[in-house]
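In the order they appear, the protein sequences are chains A and B. Just so you know, the first sequence maps onto residues 43 to 336 in the working numbering. Just so you know, the second sequence maps onto residues 482 to 800 in the working numbering. Note that beta-carbon positions come from the ideal geometry of N, C-alpha and C, so glycine has one too.
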Amino acid sequence: MGSVGPAELICQLLVGFSRSMILFVVCAGLSFVLGVLRVPNIAHGSLYMIGAFATFSLTKMFAGSVGFWIALIVAPLLVALVSLIAERALFCHLYQREHLMLLLFTFALSLIIGDLVKIVWGAEYRSVSAPALLKGSVSILGASFPRYNLFLILIGPLVAIALWLFTNKTKIGKISRAAAVDREMVGVLGINVSWVFAAAFVIGCYLAGVGGALVAPTVSITLGMDHTLIIEAFLIVIIGGLGNMWGALVGSLIFGVTHSFGVLFWPQFAIVFPYMAVVIVLLLRPKGLLKSVW
Amino acid sequence: MFTRMLRSRWFGPTAGIFIVLLILPLFAPRFYVYILALIYVTSLLAMSLNMVVGHGGMFQFHHAVFYGVGAYAVALMLTKTSMPIWVDFIAGPIVAAIIGLIIGWFCVRLSRLYFGMLQISLGSLIWAIVFRWYSFTGGDDGIHGIPMPSLLSSLNNSYYFILIILVICLIMMYMILKSPFGSTLQAIRDNPQRCEAVGINVRHYQLLGIVVATFFAGVAGVLFVVLEHSVFADLLFWTLSLEIFIMCLLGGWFTFAGPILGAAITVALRTFVGKYTEYWTLILGIMLILVIFFLPEGVMGFFQGLFKPGMKEVAERGK
């Protein structure tokens, strides 16, 4: 603890924001799937892990800082492909089942993906270095702040705007929102709901891949990162309001900022703070802060 | 109640199995005795979850917390206090039930998925505290080498202790589920609105169901400590909660003994498949998908359906 100057405070706030943005990208995808398909997708975390590992491989494959930029584009597409295969081969046959079965199916999927990742990439810790453009740090009020985190803070709102434009301005986005509210009605209008669901699922999982690619330079990539992430992502989506993208943003900010202030003031119990915040929010507003689409 | 149990069709085979299990440690290798004991502990945990999920219809998403709390309570009592040994052992289930009461009190006011999510968040809070509080719970290292009374120090003795406690708990659970309380719980699962209408205090019953189930989860936690002489924070992690869910699914939700079968399958899979390949969760995942697609009522439910076509309708009603 000790004395905490305003520079540290602001820096820590920014660190919290940058972590929130990664969480937001992942949670926006999770929330989107939850809103349209009504399925809490536990495999979302595993897809995020694939994104991170794929980024590692791609940066290795292409030497220099161009590798990261390629990975940032290719890795999420790879994740989207995996999710498309899983959805069309297995998941789409289960939509009529009860919730619990769908939930357990996604858990089974996450177990399988977890082991496949172990087979492909092994159990060692991996790390990715940030591209040259984003290496090093800038000085904010005399305290140094990593450049890559600034990049994350910029990317988060971009994703939010892109997703907002997609769901509100494009036809498929509107259809998917309609399917979330009343899937029978959408089917009656002659739209193939099964493919709408597939598209929504793949887009959500694509965002998980983007999150995985973005997080790669900031953490050590390892097995088990899926399990720690998915529980946080679920809680964020719940406190924000199910299926509400802005809710995911608010939830991510709450989660990230409480965690980073926890690190500043009481490092040992830093991870307790976000959970505490979540519990307080849920006790006051059990259905989330913003309106849920359910 | 007892006479009904004695007259049950299942009584003969069950008693037979019990006697076999009782004499097994006399000639079975140590390793198998240990695995069997682990299956008993896990079965009790899965059965306690099934009480609330299968019979109570509640989304108890973070059941492992109560298991872990029970285990930590007895471990801390044994290492940090000098109370009589039976007090330590009783403390596990009691603390678990108290935590169950507190968490349940918040959760029963919500429905379905929100219930489960609030429970996950409260449970994760407890996990996070246990995970980081090094000075008290040992943090992520856990507590190892917990002193046990000399009576329970040998593996065979703990095997018998676990088996006897398991049987007592199973009889208690059976009686609870067949009692008016158990029937009410199942009625609430099938139609909460109607139960409310006939004057049943739904939340009150659900809360009581949670407390009873968490009590048994705490017993399972104590038995885990008896077997392993150690506790660690992973006991409260949410992946374990989902694993217990899988056990219930594999065995069958709406059967009494299904979770035992599911626990046995899971533990055996981890032990024996885990010996040949490190990718046993891959096999578990594939098995789970096969069960979801082809045997949604679980292995036990499937066989009961073969013998008793009526059971299937009962299971259908539960959805």
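How would you list, in chain order, the residues of chain A whose beta-carbon sits under 8 Å from the beta-carbon of residue i?
i: B/Trp586; result: Simply none; closest approach about 11 Å.
i: B/Met598; result: Phe276, Leu277, Ile280 and Leu324
So with CB distances below 7 Å, who are the chain A contacts of residue i?
i: B/Leu526; result: Within 7 Å Cβ-Cβ: nothing; B/Leu526 doesn't reach chain A, min ~17 Å.
i: B/Ile767; result: Ile154
i: B/Leu723; result: Phe149
i: B/Leu730; result: Leu146
i: B/Phe547; result: None at all; the shortest Cβ gap to chain A is about 17 Å.
i: B/Ile770; result: Leu132, Phe147 and Ala150
i: B/Ile579; result: Neighbours of B/Ile579 on chain A: none; closest Cβ ~17 Å, over 7 Å.
On the DSSP bridge assignment, give the partners of residue i in chain order.
i: A/Phe187; result: A/Val180
i: A/Arg61; result: DSSP output for A/Arg61 lists no bridge partner at all.
i: B/Ile624; result: B/Val712
i: A/Arg168; result: A/Ile263
Taking Cβ-Cβ distances shorter than 7 Å, what residues in chain B pair up with residue i?
i: A/Gly156; result: Thr762
i: A/Lys329; result: Tyr595
i: A/Met143; result: Ile773 and Pro777
i: A/Tyr317; result: Ser602, Ser605, Leu606 and Ala609
From the beta carbon of residue i, is the nearest beta carbon of chain B less than 8 Å away?
i: A/Leu332; result: no
i: A/Leu277; result: yes
i: A/Ala85; result: no
i: A/His301; result: no
i: A/Val116; result: no
i: A/Ser62; result: no
i: A/Val320; result: yes
i: A/Gly58; result: no
i: A/Gln310; result: yes
i: A/Val314; result: yes
i: A/Leu132; result: yes
i: A/Ile273; result: yes
Which chain A residues are close to residue i, counting only those with a beta carbon under 9 Å from its beta carbon?
i: B/Thr752; result: Going along chain A, no residue has its Cβ under 9 Å from B/Thr752, so there is no contact; the nearest lies around 17 Å.
i: B/Ile746; result: Going along chain A, no residue has its Cβ under 9 Å from B/Ile746, so there is no contact; the nearest lies around 14 Å.
Hey, residue i and residue j are a contact pair by Cβ (cut 8 Å); roughly how many whole angstroms apart?
i: A/Ile84; j: A/Leu145; result: 7 Å
i: A/Phe66; j: A/Ala290; result: 6 Å
i: A/Val235; j: A/Val228; result: 6 Å
i: A/Ala222; j: A/Val68; result: About 19 Å separates the two Cβ atoms, so there is no contact after all.
i: B/Trp734; j: B/Gly573; result: With 8 Å as the limit, B/Trp734 and B/Gly573 do not qualify as a contact, their Cβ atoms being about 27 Å apart.
i: A/Phe110; j: A/Thr101; result: 5 Å
i: A/Pro82; j: B/Tyr595; result: Contact doesn't hold; Cβ gap of about 12 Å is too wide.
i: B/Arg613; j: A/Gln310; result: 6 Å
i: B/Phe718; j: B/Trp608; result: 6 Å
i: A/Met287; j: A/Ala202; result: 7 Å
With a threshold of 8 Å between beta carbons, is residue i in contact with chain A?
i: B/Ala714; result: no
i: B/Leu591; result: yes
i: B/Ile583; result: no
i: B/Gly613; result: The amino acid occupying residue 613 of chain B in the given sequence is Arg; Gly does not appear at that position. So, interface residue.
i: B/Phe617; result: no
i: B/Trp719; result: yes
i: B/Phe783; result: no
i: B/Phe726; result: yes
Taking C-beta pairs closer than 8 Å, name the residues in chain B that residue i reaches, listed in chain order.
i: A/Lys160; result: Glu759 and Tyr760
Which residues in chain C have a C-beta closer than 7 Å to the C-beta of residue i? List them in chain order.
i: B/Leu742; result: The question asks about chain C, but that chain is absent: this structure's protein chains are A and B.
Determine contact between the stretch 105 to 125 of chain A and the stretch 719 to 726 of chain B, defined as no fewer than three beta-carbon pairs at a distance below 8 Å.
-> no
Can you find at least 3 beta carbon pairs, one from the stretch 679 to 686 of chain B and one from the stretch 696 to 712 of chain B, that sit closer than 8 Å?
-> no
Please determine if the stretch 734 to 742 of chain B and the stretch 773 to 786 of chain B are in contact, where contact requires at least 3 C-beta pairs separated by less than 8 Å.
-> yes
Pairing CB atoms from the stretch 145 to 162 of chain A with CB atoms from the stretch 72 to 90 of chain A, are three or more of them under 8 Å?
-> yes
Count the C-beta pairs between the stretch 523 to 541 of chain B and the stretch 661 to 668 of chain B that are closer than 8 Å, then say yes if the count reaches three, no if not.
-> yes
Inter-stretch contact (C-beta, 8 Å, three-pair minimum) for the stretch 671 to 678 of chain B and the stretch 516 to 527 of chain B | no
Decide if the stretch 690 to 704 of chain B is in contact with the stretch 580 to 593 of chain B; the criterion is three or more beta carbon pairs, one per stretch, under 8 Å apart.
-> yes
Evaluate contact between the stretch 500 to 517 of chain B and the stretch 631 to 651 of chain B, counting only Cβ atoms and requiring at least three cross-stretch pairs below 8 Å.
-> yes
Would you check if the stretch 313 to 321 of chain A and the stretch 501 to 510 of chain B touch, i.e. whether three or more CB-CB distances between them fall below 8 Å?
-> no
Stretch pair the stretch 183 to 203 of chain A + the stretch 298 to 307 of chain A: three plus CB contacts closer than 8 Å | no
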